[in-house]
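Under mature numbering (1 follows the signal peptide of the UniProt record, and there is no 0), residues -18 to -1, 1 to 129 are what the sequence shown spells out, in order.
Glycine included, C-beta positions come from ideal geometry on N, C-alpha and C.
None of these values were measured; they are calculated from a predicted model.
Since the structure comes first, as structure tokens, the remarks are kept for the end.
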Amino acid sequence: MKKYILISFLFCGLLAHSQTKLIAHKSHSGSKKSFAKAYKNNLFDIKNSNFGLPGNTNLMVLDSVIAVNDSTTIFKSRISKVCYPYHVGYKDLKPSEFRGKTDTVYNHRYLNAKNTENYIRSRGRIGYPVLFSNPIEEVEFIGFKEE
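Next up, the structure:
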């Protein structure tokens, strides 16, 4: 019983720290005027708060998926050299801002030479081991079973 109480206190403590600066300011009787002053003067490190927005990440463009055999698949892609905000699209970048990348996947349940290209395209982005920015229609599939 003591363990359950301890775990519940720890869990509640984690929840208390998982809030944005604005919510914390308002929950402690802060007004809009005092929050604006704190934001302007960078008090409480407010400018480093992203208010729950996703962070910067590398953009990945999947160029081709190559089926080597029934158990091995190679992904040829380009990844941005710098991390960008979530709203930046891969078409906004120059080709020189990417570097090549190759990933090898073994024993994937449907990305293998046993399946047809149409079957893989019909599944969309579901089940891919990499997160890529371009549409699946722009990806070239090589070595997959003909229809």
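Closest by C-alpha distance to residue i, when choosing among the options
| i | options | result |
| --- | --- | --- |
| Gly106 | Asn38, Ser62, Arg60 and Leu44 | Leu44 |
| residue 145 | Val50, His69, Lys127 and Ala95 | Limits of the chain in this structure are -18 at one end and 129 at the other, which puts residue 145 out of reach. |
| Lys127 | Leu75, Ser59 and Arg103 | Arg103 |
| Asp85 | Ser62, Ile48, Leu(-13) and Lys22 | Ile48 |
| Asp74 | Lys83, Met42, Ile(-12) and Val121 | Met42 |
| Val121 | Asn23, Lys83, Lys63 and Ser46 | Ser46 |
Residue i classed as buried or exposed, judged by whether at least 16 other C-beta atoms fall within 10 angstroms
| i | result |
| --- | --- |
| Ile124 | exposed |
| Ser59 | buried |
Collapsed DSSP secondary structure at residue i in the structure displayed
| i | result |
| --- | --- |
| Phe114 | coil |
| Ile61 | strand |
| Ile102 | helix |
| Leu(-13) | helix |
| Asp52 | coil |
| Lys127 | strand |
| Tyr72 | helix |
| Lys96 | coil |
| Ser78 | helix |
| Ser13 | coil |
Other residues of its chain near residue i: CB distance less than 6 angstroms, five sequence neighbours each side excluded
| i | result |
| --- | --- |
| Val87 | Thr55 and Pro111 |
Proximal residues to residue i (C-beta, below 8 angstroms), its chain only, five neighbours per side dropped
| i | result |
| --- | --- |
| Asp52 | Asn94, Ala95 and Lys96 |
| Asn38 | Cys65, Tyr66, Pro67 and Tyr68 |
| Val50 | Ile56, Ala95 and Gly125 |
| Tyr92 | Tyr101, Ile102, Arg105 and Gly109 |
| Asn89 | Ser53 |
Residues near residue i in its chain [Cβ-Cβ closer than 7 angstroms; skip 5 each side]
| i | result |
| --- | --- |
| Glu99 | Phe123 and Phe126 |
For the 8 angstroms Cβ check, are there 3 or more pairs between the stretch 74 to 82 and the stretch 113 to 127? Counting C-beta pairs with one atom in each stretch, the stretch 74 to 82 and the stretch 113 to 127 have fewer than three that are closer than 8 angstroms, which means they do not touch.
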